[in-house]
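Each remark here refers to the structure printed beneath this line.
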Amino acid sequence: MEAVGAVVALSLVGGFLALTGLPMRAAFNGQVHECLSLTGDAFRQHSCQGLLRGFENQATFDGLIAYFNFLPALAGLFVGAPLVARELERGTHRLVWTQGITRLRWVSIKLFLLVLGCAIVAVAFTAVMTWWRFPIDQVQGRLLPVGFDFEGLTPTAYALFAFALGAAVGTVVRRTVPAIAITLLGFLAVRFPVEFLLRPNYMAPVTTVSGFSATAGSDPRADGRGDWILQGGLMDSTHHRLSNGELSQLYSAASNGAANTKGGADAYIQAHGYLSYVDFQPANRFWTFQGIEAAIFLSLVVLLLGFTVWWVRARSAG
Amino acid sequence: MISALQAQRLSKRYGHAWALRDCTLNIPPGRVAALVGPNGAGKTTLLHLAVGLIAPTAGDVEVFGWSPRRQPTVVLARVGFLAQDRPLYRFTVEEMLALGRRLNPRWDDALARRRLSAVGVPLRRRTDKLSGGQQAQVALALALAKRPELLLLDEPAASLDPLARREFMEGLMEAVAEDGLTVVFSSHVLADLERVCDYLVILSAAHVQLAGDTDEMVARHKRLTGPRCDGESIGRVHSVVQALHTDRQTTLLVRTNGHIYDPSWTVSDVLLEDVVLGYLRAPGVHALPKPQVVSDSEWVP
Chain P
24 MEAVGAVVAL
34 SLVGGFLALT
44 GLPMRAAFNG
54 QVHECLSLTG
64 DAFRQHSCQG
74 LLRGFENQAT
84 FDGLIAYFNF
94 LPALAGLFVG
104 APLVARELER
114 GTHRLVWTQG
124 ITRLRWVSIK
134 LFLLVLGCAI
144 VAVAFTAVMT
154 WWRFPIDQVQ
164 GRLLPVGFDF
174 EGLTPTAYAL
184 FAFALGAAVG
194 TVVRRTVPAI
204 AITLLGFLAV
214 RFPVEFLLRP
224 NYMAPVTTVS
234 GFSATAGSDP
244 RADGRGDWIL
254 QGGLMDSTHH
264 RLSNGELSQL
274 YSAASNGAAN
284 TKGGADAYIQ
294 AHGYLSYVDF
304 QPANRFWTFQ
314 GIEAAIFLSL
324 VVLLLGFTVW
334 WVRARSAG
Chain W
15 MISALQAQRL
25 SKRYGHAWAL
35 RDCTLNIPPG
45 RVAALVGPNG
55 AGKTTLLHLA
65 VGLIAPTAGD
75 VEVFGWSPRR
85 QPTVVLARVG
95 FLAQDRPLYR
105 FTVEEMLALG
115 RRLNPRWDDA
125 LARRRLSAVG
135 VPLRRRTDKL
145 SGGQQAQVAL
155 ALALAKRPEL
165 LLLDEPAASL
175 DPLARREFME
185 GLMEAVAEDG
195 LTVVFSSHVL
205 ADLERVCDYL
215 VILSAAHVQL
225 AGDTDEMVAR
235 HKRLTGPRCD
245 GESIGRVHSV
255 VQALHTDRQT
265 TLLVRTNGHI
275 YDPSWTVSDV
285 LLEDVVLGYL
295 RAPGVHALPK
305 PQVVSDSEWV
315 P
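Line by line, the protein sequences give chains P and W. For the first sequence, the positions run 24 to 341 when the working numbering is used. For the second sequence, the positions run 15 to 315 when the working numbering is used.
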């Protein structure tokens with residue numbers, strides 16, 4: 024049943040990616056592609072900023088693709104969680120654990136083969152996602168979560184983590200449905216904090232500071248395509264970063280002062296020595312970050328698999 | 015001689031409740047032993063301990079001298095186990111055989127097929143589409159194709175209709191006759207016992223009440239009928255298992271300790287079923303003083 028469900032889900036995903044991926048390529052292989060090689064005035068002349076924005080908005084399906092983050096969890100919900108729980112629930116463990124091979128061997132072989140299976144499916148999914156995202160990667164890079172979570176090593180690491188978590192939970196909980204629910208919660212409880220709290224700090228962010236300029240917008244980087252921007256704002260001449268309160272004070276002072284200053288509020292801010300800053304992770308850290316994140320999840324996989332094997336071998340199950 | 019199944023003060027506790035307590039027994043090889051007792055007496059617990067599904071809280075259990083938990087490879091290769099309600103995967107019978115082949119180093123495929131075709135089980139059908147009797151035959155064929163030296167069966171015939179039960183027990187006895195394997199099965203169908211088993215273990219409230227060779231057990235127990243009395247004088251030499259009183263008459267089930275000389279009693283033989291029922295109705299009887307040990311059978315206090 025679960026296998027059928029998984030095949031259907033993956034076929035739907037594959038179908039969706041094929042149906043949207045081909046038009047996306049067609050849209051990309053025109054002016055958008057040209058814009059990527061332009062800089063400076065030429066970039067501005069072709070109104071590339073707008074073209075790229077438009078392409079991003081149209082092509083990326085951000086809202087929908089976010090749900091794809093649940094796909095690796097399926098390995099835990101439908102393969103991992105029932106693995107031992109279903110046996111205990113139906114009493115078939117009394118059949119299979121009293122055959123000629125020990126249950127230690129039984130569980131080791133099962134885990135090994137299923138880890139292999141999940142890895143193969145996850146790698147295939149990654150390959151399709153990487154093909155699908157290729158045009159988007161040219162525009163926005165792949166260090167942003169929407170790219171990072173679906174390319175390289177991470178999808179496979181997530182899927183194996185979900186599988187190992189499901190297997191461990193199912194072994195302890197002994198009921199398939201509660202095990203599935205707990206596995207989903209557990210998966211999210213690790214996956215989100217790692218993405219939001221740990222990943223931005225795998226390496227110290229790079230900070231770029233420049234003079235405040237309204238025309239350059241808030242981004243002081245020369246060429247920041249593909250960087251993962253963590254935060255940005257204003258700092259005063261002593262490099263003190265302004266809090267929100269200080270910012271609104273500054274803005275009201277600027278609009279008051281603008282009356283007396285030539286060039287308006289922007290000129291006021293510039294004149295008073297305020298600077299723009301941006302904290303970001305450079306695009307070229309993609310593989311380092313992939314390695315770190317995969318290592319985190321794969322260590323959890325090893326721990327959980329070891330725990331499952333130990334529990335199956337050592338605990339009573341009458 | 016190494017026992018097929020030996021337990022030394024074997025105990026299993028779940029929370030505060032003892033499922034089995036201080037169980038000591040010794041089933042010699044080559045026997046067909048029945049494990050009887052009311053529900054919750056510890057029959058399933060004892061079998062699960064013997065096959066290593068659960069670990070004892072205290073005491074030891076050994077199968078041909080090996081521990082099922084510490085030496086599972088050795089024990090599992092020698093033990094066939096048929097769990098209660100005959101768990102099977104929702105596979106075809108053919109696929110179940112393939113599973114057995116893969117999970118057992120000593121697997122006798124021909125034996126399984128011979129047995130299944132003899133009882134007319136269709137190999138292409140899925141196990142959940144089979145009748146209860148056929149499922150039991152599949153489970154038995156799987157257990158026997160392992161070529162076990164000890165076969166443990168947990169209520170194998172319960173929930174089967176009388177015909178299927180008879181067929182099942184016959185199949186089982188055939189296998190015993192062919193291979194001389196030791197069998198331990200739990201049952202509460204007393205009618206099966208006399209025909210089938212030659213060794214009996216009575217469990218009650220987590221304790222072993224009585225264990226031993228059935229012939230000796232039958233020979234040692236007598237029914238005493240006489241004028242109404244409290245049976246105290248007879249109880250000084252022999253052990254009164256059960257006493258029934260009418261207005262004028264007293265009938266005793268007695269475990270004898272030698273000859274009965276008192277001429278006021280009429281002594282008659284009993285059936286195995288009478289012995290079993292007598293003990294099951296008197297779950298406290300195992301607390302009697304320990305009688306002398308008779309050869310090859312153990313009387314457990």
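Glycine is no exception: its CB is placed at the ideal position from the N, C-alpha and C atoms. In this text, all values refer to a predicted model and were calculated from it rather than measured experimentally.
So, are the CB atoms of Leu-221/P and Ala-96/P less than 8 Å apart? Position 198 of the first sequence holds residue 221/P. Position 73 of the first sequence holds residue 96/P. It is not a contact, given that the beta carbons lie outside the stated cut-off.
Helix, strand or coil for Pro-176/W? Go by DSSP, reduced to three states. Position 162 of the second sequence, counting from 1, holds the residue named residue 176/W. Pro-176/W: helix per DSSP, three-state reduction.
- Task: Note down, in chain order, each residue of its chain lying with its Cβ closer than 6 Å to the Cβ of Val-36/P, except the 5 sequence neighbours on either side.
- Result: Counting from one through the first sequence, the residue named residue 36/P turns up at place 13. There are no such residues.
**Report entry** Ranges of the alpha helix (DSSP H) found wholly within the segment 246-313 of chain P, counting only runs of at least 4
**Finding:** 267-281, 287-294
Secondary structure of Glu-163/W, DSSP reduced to three states = As a first step, residue 163/W must be located in the second sequence, where it is residue number 149. Here Glu-163/W sits in coil by DSSP.
Report task. Quick one: list the residues of chain P neighbouring Val-65/W, beta-carbon separation under 8 Å, in chain order. Result -> Mapped onto the second sequence, residue 65/W falls at position 51. Thr-121, listed in chain order.
Practice task
Flag Pro-119/W as yes if its beta-carbon sits less than 8 Å from any beta-carbon of chain P, otherwise no.
Solution key: In the second sequence, the residue the question calls residue 119/W occupies position 105. Closer than 8 Å: yes.
Hey, how far is the Cα of His-221/W from the Cα of Thr-38/W?
For the purposes of this step, residue 221/W is identified with residue 207 of the second sequence, where counting begins at 1. For the purposes of this step, residue 38/W is identified with residue 24 of the second sequence, where counting begins at 1. The alpha-carbon atoms of His-221/W and Thr-38/W are separated by roughly 9 Å.
Let me know if Trp-80/W comes out buried or exposed under the rule of 16 or more other beta-carbons within 10 Å of its beta-carbon. The sequence position of residue 80/W within the second sequence is 66, counting from 1. That one is buried.
Same chain, Cβ closer than 7 Å to Ala-340/P, five either side skipped, listed in chain order | Indexing the first sequence from 1 puts residue 340/P at position 317. Hits under 7 Å: Leu-111, His-116.
- Report yes or no: is there a C-beta of chain P within less than 8 Å of the C-beta of Leu-90/W? Against the second sequence, residue 90/W aligns to sequence position 76. By this cut-off, Leu-90/W is an interface position.
- Task: Consult DSSP for Thr-149/P and reduce its assignment to one of helix, strand or coil.
- Result: Numbered from 1 along the first sequence, position 126 holds the residue referred to as residue 149/P. If DSSP states are grouped into helix, strand and coil, Thr-149/P belongs with the helices.
| the segment 293-310 of chain P touching the segment 257-268 of chain P, judged by at least three CB pairs closer than 8 Å | yes
Label Ala-31/W either buried or exposed according to how many other C-beta atoms from any shown protein chain fall within 10 Å of its C-beta, with 16 as the threshold for buried.
As a working note, residue 31/W is residue 17 in the second sequence. Per the 10 Å Cβ criterion, exposed.
When we look at the beta-carbon of Gln-151/W and count the other beta-carbons within 10 Å, is it buried (16 or more) or exposed? Within the second sequence, residue 151/W is the residue found at index 137, counting from 1. With 16 or more Cβ atoms within 10 Å of its Cβ, Gln-151/W is classed as buried.
**Prompt:** Under the three-state reduction of DSSP, which class applies to Leu-134/P: helix, strand or coil?
**Reply:** One-based indexing of the first sequence puts residue 134/P at position 111. It is helical.
Discussion item. Determine, for Thr-125/P, whether the minimum Cβ-Cβ distance to residues of chain W falls below 8 Å.
Written reply: The count along the first sequence starts at 1 and reaches residue 125/P at position 102. So yes, Thr-125/P belongs to the interface.
Relative to the C-alpha of Asn-92/P, which residue among Leu-211/P, Val-31/P, Arg-197/P is closest? Stepping through the first sequence from its first residue, residue 92/P is reached at position 69. It is Leu-211/P whose Cα lies nearest to the Cα of Asn-92/P.
In whole angstroms, what is the alpha-carbon distance linking Leu-167/P and Arg-308/P? As a position in the first sequence, residue 167/P is number 144, starting the count at 1. As a position in the first sequence, residue 308/P is number 285, starting the count at 1. Cα-Cα distance, rounded: 11 Å.
**Asked** Given a limit of 8 Å on CB to CB distance, which residues of the segment 180-193 of chain P reach chain W?
**Response** none
Cβ of Ala-171/W within 8 Å of Cβ of Met-183/W?
As a position in the second sequence, residue 171/W is number 157, starting the count at 1. As a position in the second sequence, residue 183/W is number 169, starting the count at 1. It is a contact, given that the beta carbons lie within the stated cut-off.
Proximity test, Cβ basis, 8 Å: Ala-108/P and chain W:
Counting from one through the first sequence, the residue named residue 108/P turns up at place 85. Output row for Ala-108/P: interface = no.
Subject >> Residue closest to Tyr-293/W, alpha-carbon to alpha-carbon, out of Ala-64/W, Gln-263/W, Ala-257/W >> reply: Working through the second sequence from its first residue, we reach residue 293/W at position 279. Comparing Cα-Cα distances from Tyr-293/W to each of Ala-64/W, Gln-263/W, Ala-257/W, the minimum goes to Ala-257/W.
| task | Note down, in chain order, all residues in the segment 155-173 of chain P with a beta-carbon under 7 Å from any beta-carbon belonging to chain W. | result | none
Residues near Tyr-225/P in its chain [Cβ-Cβ closer than 6 Å; skip 5 each side] | Here residue 225/P refers to the residue found at position 202 when the first sequence is read from its first residue. Within the same chain, Tyr-225/P has close Cβ partners Phe-312, Ile-315.
- [ ] Pair every Cβ in the segment 187-202 of chain P with every Cβ in the segment 320-335 of chain P, then say whether three or more of these pairs are closer than 8 Å.
- [x] yes
Cβ-Cβ separation, Leu-204/W to Val-299/W (assumed contact under 8 Å), whole Å
Here the question's residue 299/W lines up with position 285 in the second sequence. Here the question's residue 204/W lines up with position 190 in the second sequence. Not confirmed; about 18 Å, so no contact.
DSSP three-state label for Ser-145/W, please. Numbered from 1 along the second sequence, position 131 holds the residue referred to as residue 145/W. In this structure, Ser-145/W counts as coil in the three-state DSSP scheme.
* Asked: When you compare only the Cα positions, how much space is there between Ala-202/P and Leu-118/P?
  -> Stepping through the first sequence from its first residue, residue 202/P is reached at position 179. Stepping through the first sequence from its first residue, residue 118/P is reached at position 95. The straight-line gap from Cα to Cα measures roughly 22 Å.
| request: Would you tell me roughly how many angstroms separate the C-alpha atoms of Glu-57/P and Ala-50/P, rounded to the nearest one? | output: Working through the first sequence from its first residue, we reach residue 57/P at position 34. Working through the first sequence from its first residue, we reach residue 50/P at position 27. Cα-Cα distance, rounded: 12 Å.
Is the CB of Ser-131/P under 8 Å away from at least one CB in chain W?
In the first sequence, the residue the question calls residue 131/P occupies position 108. No, its Cβ sits nowhere closer than 8 Å to a Cβ of chain W.
Exercise. What residue from Thr-71/W, Pro-43/W, Ala-47/W, Thr-58/W has the CA that sits closest to Gly-29/W's CA?
Worked result: As a position in the second sequence, residue 29/W is number 15, starting the count at 1. Of Thr-71/W, Pro-43/W, Ala-47/W, Thr-58/W, the residue nearest in Cα terms is Thr-71/W.
Would you mind telling me which residues of chain P sit closer than 7 Å to Thr-87/W, beta carbon to beta carbon, in chain order? Looking up residue 87/W in the second sequence gives position 73. Going along chain P in sequence order, the residues near Thr-87/W (Cβ under 7 Å) are Thr-125.
query = How many angstroms separate the CA atom of Pro-119/W from the CA atom of Val-138/P?
reply = Here residue 119/W refers to the residue found at position 105 when the second sequence is read from its first residue. Here residue 138/P refers to the residue found at position 115 when the first sequence is read from its first residue. Their Cα atoms are separated by approximately 25 Å.
Assigned exposure category for Ala-64/W - 16 Cβ within 10 Å defines buried: Residue numbering aside, residue 64/W sits at position 50 when the second sequence is read from its first letter. Counting Cβ neighbours within 10 Å, Ala-64/W comes out buried, since at least 16 surround it.
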